[in-house]
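Protein chains in written order, with the working numbering: chain A, 1 to 70; chain B, 1001 to 1402; chain C, 2001 to 2356. We treat Cβ as the ideally placed atom computed from N, Cα and C, and that holds for glycine. Reviewing the structure listed below.
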Amino acid sequence: MEIAELKENMYKLVESAMGKKKLKAGDIKKHYRNEGIAEDQVKEALKELVDEGRLIYTYFGGSYVEIPPK
Amino acid sequence: MPKKYDTPLLDELEKGPFPSFVTEIKKAAARTEMAAAELGVLERCYREKKTHWKHGGIVGVRGYGGGVIGRYSDVPEDFPEVAHFHTVRINSIAGFFYTSESLRTICDIWDKYGSGLTNLHGSTGDLVLLGTTTDKLEAIFAEYSSRGWDLGGSGSAMRTPSCCVGPARCEWSNIDTLDINYAVTQEFQDEMHRPAFPYKFKFKTVGCAVDCNASIARADCSIIGTWKGNIAVDQAEVANYAKAGMDIQAEIADLCPTQCITYAGGKLAIDDANCSRCMHCIAKMTKALKATGEKGASILIGSKAPFVVGATLSWVIVPFIKMEAPYTEFFALIRKMWEWWDEHGKNRERIGELIIRRGMREFLEYIGVDPVPQQVKEPRRDPFWFWTEDDLNQKPWEAYTK
Amino acid sequence: MALPQRRTDIGPPHYKDFLPPVIQKNYGDWKYHEVINGGLMVHVANSGDKIWTVRIASPRLLATDTIREYADLAEKYCGGYVRFTTRNNVEFLVSEEKNIEPLVAELKAKKQMLGGIGPRISNIVHTQGWIHCHSACTDASGLVKVLMDEFADYFNEKTLPNKVRFAVACCTNMCGAVHCSDIAVVAIHRKVPRIEHENVKNMCEVPSTLACCPTGAISPDPAKKSIKIKDEKCMYCGNCYSVCPALPISDSEYDGVAIVVGGKVGSLRSDPKFSKLVIPYIPNNPPRWPEVAKAFKIILDAYIAGAKKHERVGEWVERIGWEQFFNITKFPFTFQHIDDFTIARETFRTSAAFKW
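Shown next as structure tokens:
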């Protein structure tokens, strides 16, 4: 997967989980590992999404990845 | 002028010889509205005997998942100045060494954007800036980072590592604690700023078993300096201690936990093969006794405070490892541990708790460390243990029957 | 005004740039040190070079005004070099012997408390408390102030059989090594959390809330889209409140502090030890918690009277036996003292040999 495509895919993964289950960065990594995507690529995609502000880290007794509130 | 609150209860804590935190808050309260309101809230906590802070949430600087702790007042209508009162963690310097100039830089920036209150240092070892608002965070980060200061860790991430004063000012240090601390911090910047673990992970490095940083009690990875050689004895200095009034038999020989020290005819002798390297004799007779030979560290894993299964002390995993830059073997070992923990750890589960849940064998096998007696206080007491197919094919008895 | 360019992933400044020249020169080559008095020690290098350390207590919570004062003093007497200790003390690193006396004089004039070196009480490791923490059931800074005032003599002048390490934790989360200290306060709740059902629905994730409970006391309440708590299983740790803010547990009337004794972290003479419970509850009595100070005094006096030279509090108690400790201190022994958590059976007596 190209990094841009992976980023969109990852954004949608987080979006679809919102309100159901808070995802940890580890959950995202595991999801893509099961799809056979290299860990470095997953880390890079997540880093870029967070650097761009499209995703953020939140904290509720543990760190999660979420879409920032409007 | 910031608002002035009546603080009859807190004023009681300005009395007595120990420097008063109330006086500190008042100093800042004379300048900043946030510190003034902090004083007001705190007086109310004292009056009502309960906290008025709420935690949580979604605050931080762009790109990072840690370093800022969201904190809010639960009585914002009464204390609007501290409705938001976030903490910023600045990664401190190894060994907590500072210069006047660096301290002033830290203060100048903080006085521009925050309450003027700090902790030197937080329990984990961060330089803690207490009390600012969400809109100031990016500016604070830009100011500090452009001058060489980064944020520390928080959340499910590697936390700011800390160490004892080590070789900078201690004759007992078997390892370069400051260099190890700095190298760990730099090696794992990503793991510190982008929380991807099941829960927190702490490194604490100390030069010897005196453990001046409580490494064994509060670090997921405790790095404790040790040595493999003998203790060198300077008999002239032994004589000086005796002359100065030390009862060497009672204070040194009798208190040696392995009874490996004898003191006769004014001479002190150590049966080094039976020494457990506890540090008592060296610490009490520092001029006379010196550790010699190969230096390195014991790596212990798993200590933490009581949540959730009860407090643990760290367990010996690697009894001896050379700890020399660039620490390649050590970093590889840590990455293996994290891999295993990432795979199996539940939310808020520390690595020590995971070892309890899944078993020490699985952990040791995964990270590639062989079993040795130094890892346990005693072998198991129960008769229930596992045999793998591979175990069944081994013939360990041949080693001592041939 | 434009902000400077932010940088990420740079880590802290390199420590070498903050070490006094005499330390840089003798790094890793120290020969010995001597404690001159409670607030002063000297380290001597193999080269013969010396560095003196003048140590004062800080309350840890510092206004920038005070940090600037430290900076000024360091500049005046120490070439600008100063460090902090894990126990919140400030150490002025003096390279020139002639600067010691004027530095000490100025510190005394400023009413700073010199001490903490050698077999004494050092400064107290502690947590945020009511200053800043959501889960605090007491104020750590207040208790520290009270205890250090009470035992100020043992910070500076008087010596003890060995060093004594105090700690204060404002909840059972215990930020800091409270669970391995000679004498420590840990604040506790004694009532189950209150469930704000409406907020649970909005603020909390049910599975992680169930999972965080050490005793499995929390179960789902599907009808309310919330959770239930089995009161008799809850031991009031407050972990659930940190995960789910809709489960407030703090209680003005019932919260308070416990006192634990006998922990240590060093391996000297005996293995590191956990602290053990000696007083399960004292009510919060701010601003000066006189009952806590009194309990500490009873324990410390008993230690001074009974311990042999070099024995830590935990080593002394283990030698005389815990039953003897309760005889001496006259602290009541209650059901709360007998463990019923994860390692309980390790703590039950399995010998017919004990004292009356």
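- Linking Gly1155 of chain B to Val2044 of chain C through their CA atoms gives a straight-line distance of about 42 Å.
- Contact between the region 1304-1316 of chain B and the region 2225-2242 of chain C is present: three or more C-beta pairs spanning the two stretches fall below 8 Å.
- The continuous stretches of alpha helix (DSSP H) do not include Trp1149 of chain B, and DSSP gives it neither H nor E.
- Against chain A, the CB of Glu2318 of chain C has no partner CB under 8 Å away; the residue lies outside that interface.
- A contact between stretches requires three or more CB pairs, one per stretch, nearer than 8 Å, and the region 1189-1209 of chain B fails this requirement with the region 1233-1243 of chain B.
- Every alpha helix (DSSP H) of 4 residues or more that sits fully in the region 2136-2176 of chain C is shown, in chain order, as 2140-2150, 2152-2156.
- Contact check for Val2257 of chain C against Ile2183 of chain C fails: the beta carbons are separated by 8 Å or more.
- Beta-carbon to beta-carbon, Ala38 of chain A and Met10 of chain A are separated by about 14 Å, too far to satisfy the 8 Å threshold.
- At a beta-carbon threshold of 9 Å, the residues of chain C lying near Val1210 of chain B are Val2265, Gly2266, Ser2267, Leu2268, ordered along the chain.
- For Asn2239 of chain C, the uninterrupted alpha helix (DSSP H) segment begins and ends at 2239-2243.
- Under the 8 Å criterion on CB atoms, Tyr1199 of chain B is classed as non-interfacial with respect to chain C.
- Taking the beta carbon of Lys1027 of chain B as reference, the chain C residues within 8 Å of it are Ala2063, Asp2065, Thr2066, listed in sequence order.
- Inter-residue distance for Tyr1144 of chain B and Gly1060 of chain B is about 14 Å (C-alpha atoms, whole angstroms).
- C-alpha of Val2035 of chain C to C-alpha of Ala1035 of chain B: approximately 39 Å in a straight line.
- By the Cβ rule, the region 2055-2068 of chain C counts as touching the region 1023-1037 of chain B, because three or more pairs are nearer than 8 Å.
- Linking Arg1335 of chain B to Tyr32 of chain A through their CA atoms gives a straight-line distance of about 19 Å.
- Put simply, the backbone Cα of Thr1118 of chain B is about 11 Å away from that of Gln2128 of chain C.
- Classified as buried, Thr1087 of chain B has 16 or more neighbouring CB atoms from the shown chains inside 10 Å of its CB.
- Chain-order list of chain C residues neighbouring Ile1093 of chain B: Pro2012, Pro2013, Tyr2015, Phe2018, by C-beta distance under 7 Å.
- One thing to note: Asn2089 of chain C has its Cβ no nearer than 8 Å to the Cβ of Ala2140 of chain C.
- When only Cα atoms are considered, Met1001 of chain B and Glu5 of chain A end up about 55 Å apart.
- Separation of Gly1296 of chain B and Pro2214 of chain C (C-alpha to C-alpha, rounded to the nearest whole angstrom) is 37 Å.
- Counting only Cβ-Cβ distances below 9 Å, Ser2242 of chain C has contacts in chain A at Phe60, Gly61, in chain order.
- Under the DSSP assignment, Tyr1199 of chain B falls outside any alpha helix (DSSP H); it carries neither an H nor an E label.
- Assignment of Leu1313 of chain B by DSSP, reduced to helix, strand and coil, places it in the coil class.
- For Ile1058 of chain B, the chain A residues whose C-beta falls within less than 9 Å of its own C-beta are Ile56, Tyr57, Thr58, Tyr59, Glu66, Pro68, Pro69, listed in chain order.
- Among the residues facing chain B, Ala45 of chain A is not included, as its CB has no counterpart in that chain under 8 Å away.
- Annotated as proximal: Thr1099 of chain B and Gly2080 of chain C, with beta-carbon spacing under 8 Å.
- Counting every other CB atom within 10 Å of its CB across the protein chains shown gives Ile3 of chain A a total below 16, marking it as exposed.
- Looking only at B:Phe1096, B:Arg1159, B:Ile1140, B:Pro1383, the smallest Cα-Cα distance to Ala1168 of chain B is reached by B:Phe1096.
- The Cβ atoms of Ile1025 of chain B and Leu1039 of chain B lie closer than 8 Å to each other.
- Between Gly1152 of chain B and Asn1091 of chain B, the C-beta spacing is below 8 Å.
- Neighbours of Lys29 of chain A in chain B, taken as residues whose beta carbon is under 9 Å from its own, are Ala1196, Asp1342 in chain order.
- Taking 9 Å as the upper bound on Cβ-Cβ separation, chain A lies near residues Asp1342, Glu1343, Gly1345, Asn1347, Arg1348 of the region 1326-1354 of chain B.
- Spatial neighbours of Gly1265 of chain B in its own chain (CB-CB distance under 6 Å, excluding positions within 5 residues in sequence) are not present.
- In the DSSP assignment, Thr2347 of chain C falls within the unbroken alpha helix (DSSP H) covering 2344-2347.
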